[in-house]
């Protein structure tokens with residue numbers, strides 16, 4: 018594991034030198050190590066999936082399969098139109114460097130092509146093992162796969178929303194139905210911005226800050242999720258706007274200043290996308 022992390026750090030060092038001309042020996046290695054944390058987590062989850070042994074039919078014990086497995090795939094299908102196991106990296110609608118100076122092109126490229134792809138690879142592997150467990154009616158194995166399906170399925174879903182929530186030449190204040198909903202739920206846009214920022218900065222360890230829609234009370238809510246836990250399964254909220262606050266998402270540019278990264282995020286929010294998500298969520302809920 019240590020060797021794999023060092024190899025990943027070496028790749029980041031080379032890429033940084035190529036793009037910025039910064040000498041690697043001027044930068045502390047622990048800064049790159051933070052960017053490698055997610056890659057390590059992805060590899061650990063891959064090993065977890067490989068270690069699950071499906072019992073032969075007739076030997077496996079019956080039981081109840083966690084409904085969260087089906088829910089995870091249903092949410093992915095609703096967002097991406099992907100059938101279970103047929104997952105692929107969604108292309109960005111802008112260049113990697115299009116969000117600069119707020120989010121660097123290097124971070125976007127590594128984040129999209131390496132980290133997001135890693136979640137997809139693991140989700141496909143977990144799905145194949147799930148199909149094997151289903152064929153053997155091994156409920157224990159199916160449920161043992163839930164952490165991998167939530168972590169990697171959530172990583173795939175969360176990042177897909179995240180990419181669409183951002184755009185070049187964006188930011189500012191929202192317009193349309195989402196603007197009124199923010200005022201109704203939080204009092205003002207500034208109040209929402211302050212609360213969303215505080216919640217996102219305050220996430221302990223790795224996770225996400227979210228603006229979600231509650232279909233039960235027809236209101237907007239701010240919530241946070243640890244690691245890659247999906248918002249809808251965790252809090253029952255429909256995701257409208259998500260902010261990745263894993264250190265890999267900002268450390269190479271903002272170091273340990275998460276608050277600065279959160280502040281910069283408001284310059285790239287794609288409010289038309291958030292508004293579109295809000296209007297669909299309201300329609301789906303019958304409001």
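Numbering (the numbering used here), first residue to last: 18 to 304. We put the beta carbon where it would ideally sit given N, CA and C, even for glycine. Here the structure is a predicted model, which means the values were calculated and not measured.
If you check the CB distance, residue 225 and residue 242 come in under 7 angstroms.
Put simply, of 119, 139, 114 the residue whose alpha carbon is nearest the alpha carbon of residue 127 is 114.
Spatial neighbours of residue 210 in its own chain (CB-CB distance under 8 angstroms, excluding positions within 5 residues in sequence) are listed in chain order as 283. The shortest C-alpha to C-alpha distance from residue 233 to any of 249, 219, 259, 220 is the one to 249. Between residue 285 and residue 215, the beta carbon gap of about 19 angstroms keeps them out of contact (Cβ cut-off 8 angstroms).
Every beta strand (DSSP E) of 3 residues or more that sits fully in the segment 243 to 285 is shown, in chain order, as 255 to 261. Scanning its chain for C-beta atoms nearer than 8 angstroms, with the 5 sequence neighbours on each side dropped, one finds around residue 81 the residues 156, in chain order.
The secondary-structure analysis by DSSP pairs residue 231 across a beta bridge with 236. A direct Cα-Cα distance of roughly 5 angstroms separates residue 291 from residue 257.
According to DSSP, residue pairing for residue 226 in a beta bridge involves 241, 260. In the DSSP assignment, residue 296 falls within the alpha helix (DSSP H) that extends over 288 to 302.
Here the alpha carbon of residue 299 sits roughly 36 angstroms from the alpha carbon of residue 271.
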